[in-house]
Structure formats: C-alpha cells, structure tokens
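Visitor: All residue numbers for the sequence shown refer to my numbering, where the first residue is 1 and numbers rise by one. Let me begin by handing over the structure; questions about it come next.
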Amino acid sequence: MKDFDWEGPLIAVVGLVVMLILMIGAEKAVGEEQRYIPPTHAEAECTLYIATLAAFIVSPPGSPGEQQAGRAITSAGLMPLTRDAVAYMTVGQQPEKVFPWAYRKCIAIKGEFA
C-alpha cells in the first residue's frame, strides 16, 4: 500500500464535489421551473422549411420527393427563397452556409423580427 497513488482518487473526489456544487448552484439560480421554451410559430415553420429544402435539393429532378417538397415549399410561400438557395448551391456555396442563411431569410419573411 506504500506505492498507492493518492492523486487520482483525490482529483476524482474533488471533481465530484465541484460538479455537485455547480449542479446545486445552477438549480438554485434557475429554480425548479420548466426550462423548455417552446419555439415560436415562425421558428417551427422555418425549421420545417429547412428540412423540406434539404429534401428538395437532394431529391432527383422530377421525382415524387422533389414534387412533394416543392408543393410544401410553394404552399408556405417560400419558393423564391428556395430558388435563391438552390442558385447559391449551384454556384458552389456550401450547405453549411446556405441553410443558416435561408433560415434567417425565412424568419425575416415570416415576420419574426419585424
């Protein structure tokens, strides 16, 4: 037992104590209320739009998937935005740049921050 390394267990115990203190402190600071904030109508609609836009882009031209996604986008009134997003991706913009841009434009169109 002479060669037992006490640093490992000591660090683990200190880490657990700190974690418990932080958990208790956060609970007291926030309270026991529900922490979930439901999305607004525009946020939910634009999130669905981005998923539909992705389906529209990856579906083969003329396929039932593309047609269904196109109908959904048209009924939401976002086909002009979709044309712009597809055009940006056609000229080489990466999806990780186009999708956030399209989401922000959708939020602006739907009047979230107007």
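Virtual Cβ for every residue (Gly too), placed ideally from N, Cα, C. Keep in mind that this is a model prediction, so the values were computed, not measured.
So P64 is in the alpha helix (DSSP H); what residue range does that whole segment cover?
Guide: Position 64 of the sequence shown holds residue 64. Note, P64: alpha helix (DSSP H), 64-75.
Visitor: Give me the Cβ distance between A76 and A55, rounded to the nearest whole Å; I'm assuming they're in contact under 8 Å.
Guide: Looking up residue 76 in the sequence shown gives position 76. Looking up residue 55 in the sequence shown gives position 55. 13 Å between Cβ atoms; not a contact.
Visitor: To which residues of the same chain is V98 closer than 6 Å at the C-beta, ignoring the five residues directly before and after it?
Guide: In the sequence shown, residue 98 corresponds to position 98, counting from 1. A85, Y88, M89, listed in sequence order.
Visitor: Going straight from the alpha carbon of A114 to that of A102, what length do you get?
Guide: Here the question's residue 114 lines up with position 114 in the sequence shown. Here the question's residue 102 lines up with position 102 in the sequence shown. Only weak support exists for where A114 lies, its pLDDT of 47 falling under 50; the value from the coordinates is given anyway. Going by the C-alpha atoms only, they are around 17 Å apart.
Visitor: Between the C-alpha atoms of A42 and V14, what's the straight-line distance to the nearest angstrom?
Guide: Translated into positions along the sequence shown, residue 42 becomes position 42. Translated into positions along the sequence shown, residue 14 becomes position 14. Between A42 and V14, the C-alpha separation is close to 45 Å.
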